[in-house]
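In our numbering, the protein residues as written are 295 to 702.
In this text, a Cβ means the ideal position worked out from N, Cα and C, and glycines have one as well.
What follows is one structure encoded as structure tokens, with my remarks underneath.
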Ligand code: MLT
């Protein structure tokens, strides 16, 4: 008799974005002609940069010939991509990261979910609330989150509320924790931390032997100077942080799949008997065992985003979504909403009308306005009373959605 992992019974029956997709599909079935505008999951609407498509075509052609065909690649990623990442994402910004600290993957979702493999079940985990549901769900699957309470919170997780009252800046944990997830620019609130605010976290992690799991999937949307693109811009961060990056939102790779994780060689965890163990070695061991590398063709596409043409094309994609976010911000403000985020991020966090819960308001927007959003409560208890608008739609749909919201 095969016994299941009981933790799967404790987590919500469906993943947040699957639940939303289900509700949207039902609405579409009941109203086949409904002009639905999707501002829910952060999926891009614009095609890949030409430079990436050209690189993929060339790489695919190479697979036709015995001289250039590639079988298994390095599990950590090809040197050409790891070096391009180091040069462009780090060295160009004065950050000293080496190629063997980069692990190329199929995206930040997998890596932020899988990273738990190298940490003990008994670590105490702190999570900003609201947060990307993968952090909570994967810790729950691993048995690290404890038991779910009636309010949906987990007994062993330490929640760090981020709300209008604290200006979406999480307070440091007041109890002992071992791991902290931070995501900036933040998903779902679209808010950011300044360099000074990030330094508070790095200093805290150093002083308290805490590892920060830093999700930087949205860094390409930063336009303000004092907002760090990488946690390694903060002195000392290489001693305390793992960083996750993604080509999904930057270059439209949500379907193509490529991301990477930075595990500095000097970053240490501890064995039960107190010995220091390099996390880079553990992650390498985990990846070489469970992952066979991102496909060659996709890694060439990712590499092409760092060429002169590629950079220009990526910049233009980002600027279109950034302008969409501005249209959403202005549209929501004009319609009387209280909003946050959306300046250095593709998400705008809006307060639902008084008296409506997140899911009630999500349903209202879907049924009455044919607009799909993401209910804030799906990201944690502190998200209750909010909905998230994504700026990844087309310009036309973004403008149309705002005009629908203006009309009562
Ligand atoms: C989101 O909408 O929060 C993201 O698109 C989800 C993801 O990247 O997996």
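Where do the N-terminal and C-terminal ends of the beta strand (DSSP E) with residue i fall, by residue?
{"i": "residue 536", "result": "535-540"}
{"i": "residue 506", "result": "505-509"}
{"i": "residue 682", "result": "680-684"}
{"i": "residue 644", "result": "641-645"}
{"i": "residue 582", "result": "Where residue 582 is concerned, there is no enclosing beta strand (DSSP E), although the alpha helix (DSSP H) it sits in stretches over 573-584."}
{"i": "residue 423", "result": "419-423"}
{"i": "residue 634", "result": "633-635"}
{"i": "residue 562", "result": "562-564"}
{"i": "residue 554", "result": "553-556"}
{"i": "residue 475", "result": "473-477"}
First and last residue of the alpha helix (DSSP H) that includes residue i?
{"i": "residue 700", "result": "689-700"}
{"i": "residue 363", "result": "That residue, residue 363, is in no alpha helix (DSSP H); it is neither H nor E in DSSP."}
{"i": "residue 449", "result": "Careful: residue 449 lies outside any alpha helix (DSSP H) and carries neither H nor E."}
{"i": "residue 249", "result": "With the chain represented from 295 up to 702, any question about residue 249 goes unanswered, as that position is not in the structure."}
{"i": "residue 333", "result": "Here residue 333 belongs to no alpha helix (DSSP H), and DSSP marks it neither H nor E."}
{"i": "residue 312", "result": "310-324"}
{"i": "residue 398", "result": "It is not in any alpha helix (DSSP H) - residue 398 instead sits in the beta strand (DSSP E) that spans 396-399."}
{"i": "residue 429", "result": "427-435"}
{"i": "residue 626", "result": "602-628"}
{"i": "residue 659", "result": "652-663"}
{"i": "residue 594", "result": "590-598"}
{"i": "residue 404", "result": "402-408"}
{"i": "residue 373", "result": "373-379"}
{"i": "residue 301", "result": "301-304"}
{"i": "residue 350", "result": "344-356"}
Mark residue i as exposed unless 16 or more other C-beta atoms lie within 10 angstroms of its C-beta, in which case mark it buried.
{"i": "residue 461", "result": "exposed"}
{"i": "residue 579", "result": "exposed"}
{"i": "residue 395", "result": "buried"}
{"i": "residue 520", "result": "exposed"}
{"i": "residue 507", "result": "buried"}
{"i": "residue 642", "result": "buried"}
{"i": "residue 503", "result": "exposed"}
{"i": "residue 358", "result": "exposed"}
{"i": "residue 607", "result": "buried"}
{"i": "residue 489", "result": "exposed"}
{"i": "residue 298", "result": "exposed"}
{"i": "residue 526", "result": "buried"}
{"i": "residue 401", "result": "buried"}
{"i": "residue 429", "result": "buried"}
{"i": "residue 379", "result": "buried"}
{"i": "residue 560", "result": "exposed"}
{"i": "residue 444", "result": "exposed"}
{"i": "residue 568", "result": "exposed"}
{"i": "residue 566", "result": "exposed"}
{"i": "residue 564", "result": "exposed"}
{"i": "residue 531", "result": "buried"}
{"i": "residue 640", "result": "buried"}
{"i": "residue 338", "result": "buried"}
{"i": "residue 416", "result": "exposed"}
{"i": "residue 596", "result": "buried"}
{"i": "residue 610", "result": "exposed"}
{"i": "residue 471", "result": "buried"}
{"i": "residue 326", "result": "exposed"}
{"i": "residue 351", "result": "exposed"}
{"i": "residue 296", "result": "exposed"}
{"i": "residue 587", "result": "buried"}
{"i": "residue 446", "result": "exposed"}
Can you determine whether any heavy atom of the ligand ZN sits closer than 7 Å to the C-beta of residue i, and answer yes or no?
{"i": "residue 475", "result": "In terms of ligand content, the structure shown lacks the ligand ZN and carries the ligand MLT instead."}
Any 3 or more C-beta pairs closer than 8 Å across the stretch 392-410 and the stretch 449-458
no
Taking three-plus beta-carbon pairs below 8 Å as touching, is the stretch 428-443 in contact with the stretch 614-624?
Output reads no: the stretch 614-624 does not touch the stretch 428-443.
Touching by the beta-carbon criterion (3+ pairs, under 8 Å), the stretch 303-318 and the stretch 561-577:
no
Cβ pair count under 8 Å reaching 3, the stretch 658-677 against the stretch 419-432
yes
Taking three-plus beta-carbon pairs below 8 Å as touching, is the stretch 372-387 in contact with the stretch 625-638?
no
Say whether the stretch 634-649 touches the stretch 492-500, bearing in mind that this needs 3 or more beta-carbon pairs closer than 8 Å, one atom from each stretch.
no
If we count Cβ pairs, one from each stretch, closer than 8 Å, do we get three or more for the stretch 533-548 versus the stretch 332-346?
yes
Would you call the stretch 658-674 in contact with the stretch 324-339, where contact means no fewer than 3 C-beta pairs closer than 8 Å?
yes
Take every Cβ of the stretch 690-702, pair it with every Cβ of the stretch 359-369, and state whether three or more of those distances are shorter than 8 Å.
Taking 8 Å as the limit for Cβ pairs, the verdict is that the stretch 359-369 does not touch the stretch 690-702.
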